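S.K.:
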Amino acid sequence: MKWRCPAWFFVLLAALPARAEPEIKLPLVPAESVERLVMVPAPSATCVAVGDAHGWLAVGHGKKHRDAHVSLFRLDNEGKLAADEPISITLAAPGKLAEFPNYPLSLAFHPKLPLLYVWQDIAVAKKSSPDRDDPARAEFDHLHIYSVAGPQPVLLQSQARGNDFAEGLGSGAIAVDATNGRLYLPNVHQLGFKSKSMYGTCGYLELDAEGLPVAPDPAAKREAPPRIGAKIELHFMAPSKPGVNLGMPQGLGFVPVSKDVVIVGVYSGAMTWDGSDRRGWSNVLPLHPQYRTGYHDRIAGHPTLPMIYCSLMGHNWLCSMQHAEGYLTLMPRRISIEGASFKSYPVVLKGRGELAVGGINRVYFVALDEKGAFKTDGKQVKINNRSADAVVYSDKFDCVYVAEERSK
69 MKWRCPAWFF
79 VLLAALPARA
89 EPEIKLPLVP
99 AESVERLVMV
109 PAPSATCVAV
119 GDAHGWLAVG
129 HGKKHRDAHV
139 SLFRLDNEGK
149 LAADEPISIT
159 LAAPGKLAEF
169 PNYPLSLAFH
179 PKLPLLYVWQ
189 DIAVAKKSSP
199 DRDDPARAEF
209 DHLHIYSVAG
219 PQPVLLQSQA
229 RGNDFAEGLG
239 SGAIAVDATN
249 GRLYLPNVHQ
259 LGFKSKSMYG
269 TCGYLELDAE
279 GLPVAPDPAA
289 KREAPPRIGA
299 KIELHFMAPS
309 KPGVNLGMPQ
319 GLGFVPVSKD
329 VVIVGVYSGA
339 MTWDGSDRRG
349 WSNVLPLHPQ
359 YRTGYHDRIA
369 GHPTLPMIYC
379 SLMGHNWLCS
389 MQHAEGYLTL
399 MPRRISIEGA
409 SFKSYPVVLK
419 GRGELAVGGI
429 NRVYFVALDE
439 KGAFKTDGKQ
449 VKINNRSADA
459 VVYSDKFDCV
469 YVAEERSK
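In the numbering used here, each number is its position in the sequence shown, counted from 1, plus 68.
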């Protein structure tokens, strides 16, 4: 007689976290000063990126900020903000969608080329917005690519439109893998088994030597004006017609390990995606007890060590776990900071052996050992921002940049 597991068993199993070491608890410590902490005047900031190669800092603003969607700051030779006023970038929302607020979800600079990638979304109202089949939706470009080689940014391409991409979401990250020539994208829609059913996954674009997505048509030319609505060849990070709905949003951080393997932040922790394995293409591992924390995970990888980190939005947990060539291994570790409520992605300060994460009127710093594991000491600094979503570190300048509200 063949034994079969009931379906509820697998649901229960998926909700259980990996076995973890005892939680490390850090007490609430007095705020102190932090060296080379650069406060960036950028109201309603939700995302940030630093371009070490060409001396730029980009800050994305939320839905409530109407002056600009992205502010570009020049950095001087010491990594400080230049005296020049920031350059404002406005992202277009065409046609019927122009009445709805659009906003950047994620920013990324190419590590070598003078390119800024901007991923945007739009707050469409379910009752009054155009239908999914309305042509207006097919005109909204999620991805914008700017050249930052000169004194002013120049839009090169706008693309990633249509039903392959979800809208109205509040989280999602992009990531540039320059070594393997890929740009990873969040919040991708994919047709399921049932008619008109959509499943959440991630995707990627192949990049050419110029850092631009490879066009499906080799004969396509890049000429001024910019290629608005440029066609792309989207590669799904899931098999055709996946049988399991991974939920939305997806792509809450990417840690590229090789051309075939990348660790992705998903609804319940981290997922290893292996494009070379047709049968075992994904392996999802919750890093902590659930407790209604779905979609709250934000992950980042250590730049030189096989370690990933996770900050839990609205909670005081930080998690870490080792990986072997992209496959998560050993036991996850968890640390809690008394009184904290995290708001940003975890940020590895390689030059200082620390991990930083933004919170409510605070930025928290946790010490890491030589293997990238949490130590039992940390510090924090007060800032003028009720939601410090935008925190980033420059390895070149050894500077931590934090967006704060402008002084009244």
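Note that CB positions come from ideal geometry on N, CA and C, so glycine has one too.
Treat the numbers as computed from the prediction; the structure is a model and nothing was measured.
1. So, for S197: in the same chain, excluding its five sequence neighbours on each side, which residues have a beta-carbon less than 6 angstroms away from its beta-carbon?
2. From E473, M305 and L436, pick the residue whose C-alpha is nearest to that of N453; which is it?
3. Nearest-angstrom Cα distance between C115 and G319?
4. Could you tell me the distance, in whole angstroms, from the CA atom of V332 to the CA atom of G348?
5. Applying the 10 Å Cβ sphere with the 16-neighbour rule, what's the burial state of L314?
6. A458 to V329, Cα distance in whole Å?
7. P172: buried (16+ other C-beta within 10 angstroms of its C-beta) or exposed?
8. List the endpoints of the continuous beta strand (DSSP E) containing S139.
9. Can you tell me the Cβ-Cβ gap for R142 and V468, rounded? I've got them flagged as a contact below 8 angstroms.
10. Going by C-alpha to C-alpha distance, which of K180, V244, A424 and R295 sits closest to G271?
11. Tell me, please, whether the segment 152-164 touches the segment 125-143 by the rule of three or more beta-carbon pairs shorter than 8 angstroms.
12. Can you check whether the CB of H364 is closer than 8 angstroms to the CB of L380?
13. Looking at C-alpha atoms only, which residue of K450, D189 and L165 is the closest neighbour of P317?
14. Can you give the beta carbon distance from S404 to W385, rounded, assuming they're within the 8 angstroms contact cut?
15. Among all the DSSP beta bridges, which residues are the ones paired with D245?
16. Looking at the unbroken beta strand (DSSP E) that takes in F322, where does it start and where does it end?
17. Which of the three DSSP states is assigned to E235 in this structure?
18. Name, in chain order, the residues that DSSP records as bridge partners for I92.
M.R.: The structure says:
1. Confidence is the limiting factor: at S197 the pLDDT is only 44, short of 50, which leaves the residue's position unreliable and the question unanswerable from this model.
2. Selected option, being the one with the closest Cα: E473.
3. Approximately 15 angstroms between the Cα atoms of the pair.
4. Each residue's Cα considered, the two are about 15 angstroms apart.
5. Confidence at L314 is low in this model, with a pLDDT of 47, below 50, so its placement is unreliable and no value can be given for it.
6. So the alpha carbons of these two residues sit roughly 27 angstroms apart.
7. P172 counts as buried, since at least 16 other C-beta atoms from the protein chains shown sit within 10 angstroms of its C-beta.
8. Going by DSSP, S139 is part of the beta strand (DSSP E) stretching over V138 to R142.
9. Cβ-Cβ separation between R142 and V468: approximately 18 angstroms, too far for a contact (criterion under 8 angstroms).
10. Taking each of K180, V244, A424 and R295 in turn and checking the Cα distance to G271, the smallest one comes out for V244.
11. These segments touch.
12. Their beta carbons are under 8 angstroms apart, which means L380 touches H364 by this criterion.
13. When K450, D189 and L165 are compared, the shortest CA-CA separation from P317 is found for D189.
14. The pair is a contact, with the Cβ atoms about 5 angstroms apart (cut-off 8 angstroms).
15. In DSSP, D245 forms a bridge with R250.
16. Residues F322 to P324.
17. Three-state result, E235: coil.
18. Answer by DSSP bridge pairing, in chain order: I403.
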